[in-house]
Ligand SMILES: Cc1cc2nc3c(=O)[nH]c(=O)nc-3n(C[C@H](O)[C@H](O)[C@H](O)COP(=O)(O)OP(=O)(O)OC[C@H]3O[C@@H](n4cnc5c(N)ncnc54)[C@H](O)[C@@H]3O)c2cc1C
Ligand code: FES
Ligand code: FES
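Protein chains in written order, with my numbering: chain A, 1 to 158; chain B, 1 to 288.
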C-alpha cells in the first residue's frame with residue numbers, strides 16, 4: 001500500500017505517494033528528477049548516492065523514502081546558494097578533485113559533512129572522513145587537496 | 001536490487017510498536033537504522049511482510065547516567081556514541097569501538113541496538129558489550145526482562161531476543177578506579193567489518209595488580225565471546241609484558257573458529273592472540 005510522504009528537498013516541500021519499498025535514491029532521481037545523486041553500487045559501499053537527511057550524510061540507496069517523511073534533505077543540486085558554489089564545490093573546481101565525475105556528488109556531500117564537524121581536518125582526517133566514498137579515477141590525492149582547499153576557504157570566511 | 005513488497009508502519013510510541021509486533025511476530029521486522037536489514041532486503045535474503053520502523057519512537061536514542069550505570073537507548077547511532085564527550089571520559093571503549101565501524105555514513109544511520117540485535121559474527125559492538133559485562137533490556141507487550149551480555153548472543157545472527165521482543169536499552173556499569181580500555185580490530189579490507197576485534201577493559205588495584213578484566217572477542221567464531229581464560233590469567237597479576245603475552249595466548253582456546261577465503265580459521269585464531277596482547281597492552285598503557 002502506498003504511503004503519503006512530505007519531504008523537504010533543497011528547500012522545497014514535496015508531497016508524494018510512494019511504495020514503502022521505494023529507496024530514497026530512486027525517489028530523488030526518478031520521482032523528483034534530481035539526477036545529480038548517483039547510483040554506483042546499490043550495495044551501500046560506494047557513497048555515490050550520499051545526500052544529507054536532517055544534516056546527516058547518508059547513503060540514499062540504504063534508506064527508504066518513507067523513512068525520510070517529514071525531514072529536510074539536501075542533495076548536490078541544493079548545495080550552492082544564490083549562484084555561489086559551496087566551498088567544497090569550489091575546492092573540487094580549483095584543485096581538480098574529479099575526472100569522470102561519477103563519484104563527485106557523493107564525495108562533495110560527504111566532504112561537506114566532514115567540514116561541518118571538523119573545520120580544519122588533517123589530510124589523514126580527510127581520508128578517514130571520506131572512507132565511505134569510492135573513486136575509480138583520481139587516486140584520491142586531488143580529492144584530499146580539494147577538501148583541504150575548502151577547509152581553508154571555510155576558515156577564511158568572516 | 002529492489003526489495004520485495006512490504007507494509008510499513010512508523011509508530012510514535014514503543015507500546016504501539018510492541019503491539020504491532022505481538023500481532024505478527026513471524027512476518028514483521030523491526031527497522032532501526034536499516035544498515036543491515038535493508039541490504040539483506042535488497043538481496044531478498046530478508047522479505048518481511050511488515051516493517052515496524054522504530055525511528056519515530058520517542059526516547060529510544062540517549063546516553064544517560066543513572067544509578068551508577070551508563071544507559072544507552074537502542075536507537076542511539078554509532079555516530080552519537082563516537083562523538084560523546086562524556087563517554088570519552090567515563091567509558092572510552094564505547095566511542096573507540098563506534099569509530100571503528102564502517103564509514104561516516106554508516107555511523108550516521110546505524111544503531112547500537114540494531115547491531116546487537118542483528119548479531120553479525122563480524123560486528124564490533126558485541127565484543128565491547130561482552131567485555132563491559134553489559135545488561136540488555138528487552139521489552140515486549142508481555143513485559144520487560146534483562147539479559148546479560150554473555151547470554152544474549154546465541155549463534156550466528158541469532159540472539160536471545162524472542163520474536164515479539166524489542167531491545168530497548170543497554171546498561172553498563174561505569175568502570176571505576178584506575179581503568180584502561182582499548183578496542184583493536186583487523187578491518188576486512190572490503191567490508192570494513194572485523195576479521196578479528198578485541199575489546200579490553202582492565203582495572204588495576206592500589207597494589208598495581210589487575211583487580212578486574214573484561215575481554216570480548218568478535219570476528220573469530222560464529223558469535224562474539226568472552227575470553228574467560230585470558231581474564232582469569234590477568235586478574236590478580238601485574239600486567240607486564242610477559243604476563244600480558246601469556247594471558248593473551250589463551251584468546252582462542254577451545255574456540256571453533258570461522259575460516260573463509262580471506263582468513264583461515266588458524267589465521268583468525270592467531271590474530272585473536274596477537275590482537276588480544278596488543279589490546280591488553282594498550283589498555284594498560286592508558287591507565288593514568
Ligand atoms: C557499508 C557498511 C559497512 C558496515 N561496517 C560495519 C562494521 O565495520 N562493523 C560493524 O559492526 N557493523 C558494520 N555495518 C553494520 C552496521 O553497523 C549496521 O548499522 C548494524 O549492524 C545494524 O544496525 P541498524 O540500526 O542499521 O539495524 P537494522 O538494519 O535496522 O536492523 C538489523 C536487525 O536487527 C533488528 N533490530 C534492529 N533494532 C532492533 C531492536 N531495537 N530490537 C530488536 N530488534 C532490532 C532488525 O529487525 C533487523 O533484523 C556496516 C554496514 C554497512 C552498510
Ligand atoms: S549507490 Fe549507494 S552506496 Fe553505492
Ligand atoms: S572521478 Fe571518476 S569515480 Fe571519481
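Idealized CB from N, CA, C, for every residue including glycine. Quick caveat, the model's predicted, so the values are computed rather than measured.
TODO: Examine chain A for any beta-carbon lying closer than 8 Å to the beta-carbon of residue 186 of chain B, and answer yes or no.
DONE: By one-based count along the second chain, residue 186 of chain B stands at place 186. False, the Cβ-Cβ gap to chain A never drops below 8 Å.
Task: Segment contact, 8 Å Cβ cut-off, at least three pairs: the region 26 to 37 of chain A with the region 65 to 84 of chain B - done: no
TODO: Taking residue 47 of chain B as the query, report the chain A residues whose CB atoms sit under 9 Å from its CB, ordered along the chain.
DONE: Residue mapping note: residue 47 of chain B aligns to position 47 of the second chain, counting from 1. The premise fails here: residue 47 of chain B is roughly 11 Å from chain A at the closest Cβ pair, so nothing lies under 9 Å.
Task: Chain-ordered list of residues that sit, by beta carbon, closer than 5 Å to a heavy atom of ligand 3 - done: A:98, A:99, A:100, A:102, A:103, A:135, A:136, A:137
TODO: Would you mind stating whether residue 127 of chain B and residue 217 of chain B have Cβ atoms separated by less than 8 Å?
DONE: One-based indexing of the second chain puts residue 127 of chain B at position 127. One-based indexing of the second chain puts residue 217 of chain B at position 217. Result yes, Cβ atoms of residue 127 of chain B and residue 217 of chain B sit closer than 8 Å.
TODO: Take every Cβ of the region 245 to 263 of chain B, pair it with every Cβ of the region 165 to 183 of chain B, and state whether three or more of those distances are shorter than 8 Å.
DONE: Because the criterion of three Cβ pairs below 8 Å is not met, the region 245 to 263 of chain B and the region 165 to 183 of chain B do not touch.
Task: residue 272 of chain B vs residue 215 of chain B beta-carbon contact at 8 Å - done: Position 272 of the second chain holds residue 272 of chain B. Position 215 of the second chain holds residue 215 of chain B. No. Outside cutoff.
Open item on the list: Please state the DSSP three-state secondary structure of residue 261 of chain B.
Closed with: Position 261 of the second chain, counted from the first residue, corresponds to residue 261 of chain B. If DSSP states are grouped into helix, strand and coil, residue 261 of chain B belongs with coil.
- [ ] Using the Cα positions of residue 232 of chain B and residue 240 of chain B, report the straight-line distance between them to the nearest angstrom.
- [x] Taking the first residue of the second chain as position 1, residue 232 of chain B is located at position 232. Taking the first residue of the second chain as position 1, residue 240 of chain B is located at position 240. C-alpha separation (whole angstroms): 15 Å.
TODO: Rank B:230, B:119, B:149 by C-alpha distance to the C-alpha of residue 172 of chain B and give the top, closest one.
DONE: By one-based count along the second chain, residue 172 of chain B stands at place 172. Out of B:230, B:119, B:149, B:149 has the C-alpha closest to the C-alpha of residue 172 of chain B.
Open item on the list: Nearer than 7 Å: is that true of the beta carbon of residue 97 of chain B relative to any heavy atom of ligand 2?
Closed with: For the purposes of this step, residue 97 of chain B is taken as the residue at position 97 of the second chain. The answer is no for residue 97 of chain B.
Task: For residue 68 of chain A and residue 5 of chain A, the rounded distance between their alpha carbons - done: By one-based count along the first chain, residue 5 of chain A stands at place 5. By one-based count along the first chain, residue 68 of chain A stands at place 68. Rounded to whole angstroms, residue 5 of chain A to residue 68 of chain A spans 8 Å at the Cα level.
TODO: Give, in chain order, every residue of the region 39 to 59 of chain A whose Cβ lies closer than 7 Å to some Cβ of chain B.
DONE: 42, 43, 44, 47, 50, 56, 57, 58, 59
Task: Unbroken stretches of the beta strand (DSSP E), 3 residues or longer, contained in the region 3 to 36 of chain B - done: Taking only runs of at least 3 residues, the beta strand (DSSP E) segments lying wholly in the region 3 to 36 of chain B are 7 to 9, 28 to 31.
TODO: Just mark residue 160 of chain A as buried or exposed, buried being the case when its beta carbon has 16 or more other beta carbons within 10 Å.
DONE: With chain A covering only 1 through 158, there is no way to say anything about residue 160 of chain A.
Task: residue 76 of chain A beta carbon less than 8 Å from that of residue 36 of chain A - done: Sequence index remark: in the first chain, residue 36 of chain A carries index 36 (1-based). Sequence index remark: in the first chain, residue 76 of chain A carries index 76 (1-based). Yes; because the gap between Cβ atoms is below 8 Å, this pair is in contact.
- [ ] Could you name each continuous alpha helix (DSSP H) segment of 4 residues or more that falls completely within the region 166 to 250 of chain B, going from the start of the chain to the end?
- [x] Within the region 166 to 250 of chain B, the alpha helix (DSSP H) runs of at least 4 residues that lie entirely inside it are, in chain order, 228 to 234, 241 to 248.
TODO: May I have the straight-line CA-CA distance separating residue 194 of chain B from residue 187 of chain B, to the nearest angstrom?
DONE: For this step, residue 194 of chain B is matched to residue 194 along the second chain. For this step, residue 187 of chain B is matched to residue 187 along the second chain. Answer to the nearest angstrom: the Cα atoms are 5 Å apart.
TODO: Using a Cβ cut-off of 8 Å (strictly closer), state whether residue 109 of chain B contacts chain E.
DONE: The structure shown contains no chain E; its protein chains are A and B.
TODO: Given a cut-off of 8 Å, decide if residue 161 of chain B and residue 117 of chain B are closer than it, judged by their beta-carbon atoms.
DONE: Here residue 117 of chain B refers to the residue found at position 117 of the second chain. Here residue 161 of chain B refers to the residue found at position 161 of the second chain. Yes. Within cutoff.
TODO: Closer than 7 Å by beta-carbon distance: list the chain A residues that pair up with residue 1 of chain B, in chain order.
DONE: As a working mapping, residue 1 of chain B is identified with position 1 in the second chain. Near residue 1 of chain B (Cβ distances below 7 Å), the residues of chain A are 42.
Task: Backbone secondary structure at residue 59 of chain A - three-state DSSP - done: As a first step, residue 59 of chain A must be located in the first chain, where it is residue number 59. In the structure shown, residue 59 of chain A sits in a strand (DSSP, three-state: E or B).
Task: Assigned exposure category for residue 97 of chain B - 16 Cβ within 10 Å defines buried - done: Within the second chain, the letter at position 97 stands for residue 97 of chain B. Residue 97 of chain B is classed as buried because its beta carbon has at least 16 other beta carbons within 10 Å across all chains shown.
Open item on the list: Tell me which residues share the same chain as residue 259 of chain B and place their Cβ nearer than 6 Å to its Cβ, disregarding the 5 neighbours each side in the sequence.
Closed with: For the purposes of this step, residue 259 of chain B is taken as residue 259 along the second chain, with counting starting at 1. For residue 259 of chain B, where only same-chain residues beyond five positions count, the Cβ hits under 6 Å are 265.
Open item on the list: Which same chain residues end up closer than 6 Å to residue 102 of chain B when comparing Cβ atoms and leaving out the 5 residues on each side of it in sequence?
Closed with: Numbered from its first residue, the second chain carries residue 102 of chain B at position 102. Around residue 102 of chain B: 192.
- [ ] Say whether chain B places a C-beta atom closer than 8 Å to the C-beta of residue 66 of chain A.
- [x] Mapped onto the first chain, residue 66 of chain A falls at position 66. Taking Cβ atoms only, chain B reaches closer than 8 Å to residue 66 of chain A, which makes this a yes.
- [ ] Determine the contact status of residue 158 of chain B and residue 110 of chain B, defining contact as a CB-CB distance below 8 Å.
- [x] If you number the second chain from 1, residue 158 of chain B lands on position 158. If you number the second chain from 1, residue 110 of chain B lands on position 110. In this structure, the beta-carbon distance from residue 158 of chain B to residue 110 of chain B does not fall below 8 Å.
Open item on the list: Against chain A, does residue 103 of chain B count as a neighbour if the rule is that its beta carbon must be under 8 Å from one of theirs?
Closed with: Reading the second chain from its first residue, position 103 is the one you call residue 103 of chain B. Answer yes: the Cβ-Cβ gap between residue 103 of chain B and chain A drops below 8 Å somewhere.
Open item on the list: Is residue 288 of chain B near ligand 1 - that is, is its Cβ less than 7 Å away from at least one heavy atom of it?
Closed with: For the purposes of this step, residue 288 of chain B is identified with residue 288 of the second chain, where counting begins at 1. No, since every heavy atom of ligand 1 falls outside the 7 Å radius drawn around the Cβ of residue 288 of chain B.
Open item on the list: Bridge partners for residue 42 of chain A per DSSP, in chain order?
Closed with: Locating residue 42 of chain A in the first chain gives position 42, where the first residue counts as 1. Paired residue(s): none; residue 42 of chain A is not in a bridge.
Task: Which listed residue (B:213, B:238, B:236, B:237) has its alpha carbon closest to that of residue 226 of chain B - done: Numbered from its first residue, the second chain carries residue 226 of chain B at position 226. Selected option, being the one with the closest Cα: B:213.
Task: Touch test, the region 83 to 91 of chain A against the region 59 to 74 of chain A, Cβ-Cβ under 8 Å, three pairs minimum - done: no
Task: Per-residue DSSP class, three states only, for residue 6 of chain A - done: Within the first chain, numbered from 1, the residue matching residue 6 of chain A stands at position 6. Note: residue 6 of chain A maps to strand in three-state DSSP.
Open item on the list: For chain A, check one thing: does any of its Cβ atoms lie closer than 8 Å to the Cβ of residue 197 of chain B?
Closed with: Looking up residue 197 of chain B in the second chain gives position 197. Output row for residue 197 of chain B: interface = no.
Open item on the list: Determine whether the beta carbon atoms of residue 9 of chain A and residue 73 of chain A lie at a separation below 8 Å.
Closed with: The sequence position of residue 9 of chain A within the first chain is 9, counting from 1. The sequence position of residue 73 of chain A within the first chain is 73, counting from 1. For residue 9 of chain A and residue 73 of chain A, yes; Cβs fall inside 8 Å.
Open item on the list: Given a cut-off of 8 Å on the beta-carbon distance, is the pair residue 41 of chain A and residue 25 of chain A in contact?
Closed with: The residue given as residue 41 of chain A occupies position 41 in the first chain. The residue given as residue 25 of chain A occupies position 25 in the first chain. No.
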